[in-house]
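Here is the structure we will look at.
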Amino acid sequence: MTYHYKPFQLLTLLLLALALVLSLSIPGLAQEAAPESGEAEVAESDTFKAPVIVDGDTLFFLRGSSALPAPERAERVQNSIIEVAESSENPSVEITFEETELGNRILADGIIVSIVTTADAELDQMTLDVLSILHRDAIEEAIVAYRANRTEQARVSGAIEAAAWTIGFALFIVIILWLHRRIRRRTLKLVMRYLSDVETATAKSVQAEAIAALIRYGLNFVLLVFFFLGFYYYLSFVLLAFAETRYFAQLLLTYLTEPVMVIFRGVISYIPNLIMLGLISWVTLYVIKGMRVFFDAVEAGTFEMGDFEKHWVNPTFNIARVVTVMIALVFAVPYIPGSDSAAFQGLTLLVGAMLSLGANSVVSNMLAGLFVIYRRSTSIGDRIQIGEHIGDVVQIKLMETHLKSIKNELISIPNAQLMNSDVVNFSKKTDGSGLLLHTTVGIGYEEPSDKIEAMLIEAANRTKGIKAKPEPFVLWTALADYAINYQINGYSTRGSIIPKIKSDLHRNIVAVFNENNVQIMTPSYIADPPEPKIPAEHWDGHLAHDSDEVAEK
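Quick note on numbering: the sequence shown equals residues -30 to -1, 1 to 523 in mature numbering (1 follows the signal peptide of the UniProt record, and there is no 0).
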């Protein structure tokens, strides 16, 4: 019999249409289809069983045969039950049996619905009569429920239930939208209130707006997940309110609820491991704080550790902290989800191989940085020369060393290069005399050597920054073609201003030689002029810019 739906049943038809559309995109929404016919399936059909489903409820399972596969037999029984249920509006149904050679035939209102065979009884491991009674009761309940769910009263009740779910979902959407607007207004304000120190600690490298944006993104993602779950369950419960769409609703609930329950059970079972990870993290942080207190005491001088230098405190603490964290990771890995899986182990091997192949220069620079820090050859504030670069060490990092050149340029030198190059340190004191500065001038053979040496020593004594004790001295470095090369040497403890001291020494040498009418022959000599090539005016040997203040700069 065919039902004629009244206007208030329109919502039911619309929801049914929606469920049919969903069924096109969800595999397996229809009754379990019969497998493609083939020799292997025919051979195994006697052991295959299929469920009989009416309105989403599984009544019982039927066994198949080579002539009638289980899915096809189950579909026939299901169609027969629905046909009987739709043939009358009587709330009750009469179920009878007929014994045949094949088994017990079940009739509903005089219509053959199913037959229970001996093979079915063997499959369920019970007698034929008992299984027939169970099938009869299931068929009777299904027909009665099918008719009851399609009465006018049931449809009105379903529509009311669907409307209630719709109102509830509308309120849910209002709450989601309110939370979304609330998040946009309150996130930045809360971040500015509680995380204002982050900008100060990072010199505004990390902006509060960026932190707020990240927090907003995370919260909005959570809201989106809740909205999706709410819509999914709303659709399922609305479809569940009507008999025609109840099967699809049950499938939707099964598809989502089972994964959610798996995740939920996984989270619950993971709580002991999570507690262990929390304990490991707490102990690690406590140990790191204890090491920080110890190294602060060493830096303050409370604890003396022999030749341990103060500038080693921070790098040593960082190394100890990294080692502590790595040990904590070793203990924590077994408690990380999926750590015992082959995928996790393979990923670990892949990451290790990538690091070993691609981080050679990084590792070499890191090790070189440790050697630079601990071998004492270079310290922050020293003036050093590396190749063509001369400057003051301003920062020694694990990967590179920063120099400030004498021209106020910032030079970054990889620590591996620093280890593999000759480093001249102008600030380290090898003894109490200081650095030995020197420069060379060529003077003709006709000039008395004692006079030349005295003039060079006088120039050195006039130069601020060169020590009077030990006294400057002169060396003969070469007997050149046209001149004798005299080298003036003087000690200085001001390694940071060597270019300035040498510049003043050169000025004083020129001034002293001009005062004594002696011509400097370098860099080359052609012939003796009639008159020495010296300035006509008196050379002012006083260096107006040699004040102590400029020298300190």
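Where is the CB? At the ideal position from N, CA and C, for every residue including glycine.
Rounding to the nearest angstrom, what Cα-Cα distance links residue i and residue j in this structure?
i: Arg353; j: Thr371; result: 13 Å
i: Val114; j: Arg155; result: 56 Å
i: Gln489; j: Gln387; result: 44 Å
i: Ser462; j: Ile413; result: 25 Å
i: Ser403; j: Met425; result: 23 Å
i: Asp99; j: Ile130; result: 43 Å
i: Thr227; j: Leu147; result: 25 Å
i: Ile467; j: Ala448; result: 28 Å
i: Ser102; j: Ile65; result: 11 Å
i: Gln123; j: Trp135; result: 18 Å
i: Ala183; j: Leu158; result: 8 Å
i: Gly351; j: Phe396; result: 11 Å
i: Phe301; j: Gly248; result: 12 Å
i: Arg152; j: Ile233; result: 29 Å
i: Ala91; j: Val126; result: 42 Å
i: Lys367; j: Arg477; result: 40 Å
i: Val295; j: Thr254; result: 7 Å
i: Ile258; j: Lys374; result: 34 Å
i: Pro307; j: Ser251; result: 16 Å
i: Ala78; j: Val63; result: 7 Å
i: Leu215; j: Arg163; result: One detail in the question is off: residue 215 reads as Thr in this sequence, not Leu. Roughly 52 Å separates the two Cα atoms.
i: Ser7; j: Ile245; result: Because the pLDDT at Ser7 is just 39, under 50, the model does not fix this residue reliably, and the value given afterwards should be weighed accordingly. Going by the C-alpha atoms only, they are around 54 Å apart.
i: Leu141; j: Phe212; result: 22 Å
i: Ala4; j: Glu45; result: Note that Ala4 has pLDDT 38, beneath the 50 cutoff, so the model's placement of it is unreliable and no number is given.
i: Glu379; j: Gly465; result: 18 Å
i: residue 529; j: Tyr256; result: The question about residue 529 has no answer, for the chain in this structure spans -30 to 523.
i: Ser349; j: Thr433; result: 28 Å
i: Ser309; j: Ile360; result: 51 Å
i: Ala313; j: Leu320; result: 10 Å
i: Ile76; j: Leu104; result: 11 Å
i: Glu358; j: Lys437; result: 27 Å
i: Val54; j: Glu69; result: 21 Å
Which residues does DSSP pair with residue i in a beta bridge?
i: His150; result: In the DSSP output, where bridge partners are listed per residue, His150 has none listed.
i: Trp446; result: Tyr456
i: Pro21; result: Phe31
i: Leu158; result: None; Leu158 has no bridge partner.
i: Gly412; result: Asn455
i: Gly314; result: For the record, residue 314 in the displayed sequence is Phe; it is not Gly. Partner(s): none; Phe314 has no beta bridge.
i: Gly465; result: Gly465 is not bridged to any residue.
i: Pro384; result: Glu370
i: Ala361; result: In the sequence as displayed, the identity of residue 361 is Gly instead of Ala. Ile354, Ser375, per the DSSP bridge assignment.
i: Ile85; result: Arg75
By alpha-carbon positions, which one of the options ends up nearest to residue i?
i: Gln220; options: Pro229, Asn431, Ser206; result: Ser206
i: Asn431; options: Ile471, Ser466, Tyr202; result: Ile471
i: Pro418; options: Lys377, Phe265, Phe483, Met389; result: Phe483
i: Glu71; options: Thr88, Gly80, Ile82; result: Thr88
i: Arg120; options: Ile422, Glu485, Glu56; result: Glu56
i: residue 538; options: Ile376, Glu379, Pro384, Ile356; result: Residue 538 lies beyond the range of the chain shown here (-30 to 523); nothing can be said about it.
i: Pro242; options: Ile297, Val364, Tyr305; result: Tyr305
i: Pro61; options: Ala112, Ser349, Glu485; result: Ala112
i: Asp392; options: Ile356, Glu423, Glu441; result: Ile356
i: Val303; options: Gln315, Val293, Val292; result: Gln315
i: Val208; options: Phe196, Leu222, Leu32; result: Leu222
i: Phe201; options: Ile143, Asn459, Phe67, Asp451; result: Ile143
In three-state terms, what does DSSP make of residue i?
i: Tyr456; result: strand
i: Pro418; result: coil
i: Asp352; result: coil
i: Leu(-7); result: Because Leu(-7) carries a pLDDT of 42, less than 50, the predicted location of this residue cannot be relied on, and the following value inherits that uncertainty. The answer is helix: DSSP assigns Leu(-7) an H, G or I state.
i: Phe191; result: helix
i: Asn395; result: strand
i: Ser251; result: helix
i: Ile306; result: coil
i: Ser7; result: Low per-residue confidence applies at Ser7: pLDDT is 39, beneath 50, and the placement is therefore not dependable, though the value from the model is reported in the following sentence. Of the three classes helix, strand and coil, the one that applies to Ser7 here is coil, per DSSP.
i: Gly73; result: strand
i: Thr66; result: strand
i: Leu406; result: strand
i: Ile490; result: strand
i: residue 524; result: No information on residue 524 is available, as it lies outside the stretch -30 to 523 that the chain covers here.
i: Ser36; result: coil
i: Glu441; result: coil
i: Ala211; result: coil
i: Asn288; result: helix
For chain C, is any of its Cβ atoms less than 8 Å away from the one on residue i?
i: Asp94; result: The structure shown has no chain C; it contains just one protein chain.
> Would you call the stretch 97 to 117 and the stretch 17 to 27 in contact, with 3 or more CB pairs under 8 Å?
Replying inline: Flag = yes, the stretch 97 to 117 and the stretch 17 to 27 touch.
> Would you call the stretch 255 to 269 and the stretch 279 to 292 in contact, with 3 or more CB pairs under 8 Å?
Replying inline: Yes: the two stretches touch, three or more of their Cβ pairs being nearer than 8 Å.
> Three or more C-beta pairs closer than 8 Å, one from the stretch 45 to 55 and one from the stretch 75 to 84: is that the case here?
Replying inline: The stretch 45 to 55, when compared against the stretch 75 to 84, does touch it at the 8 Å Cβ threshold.
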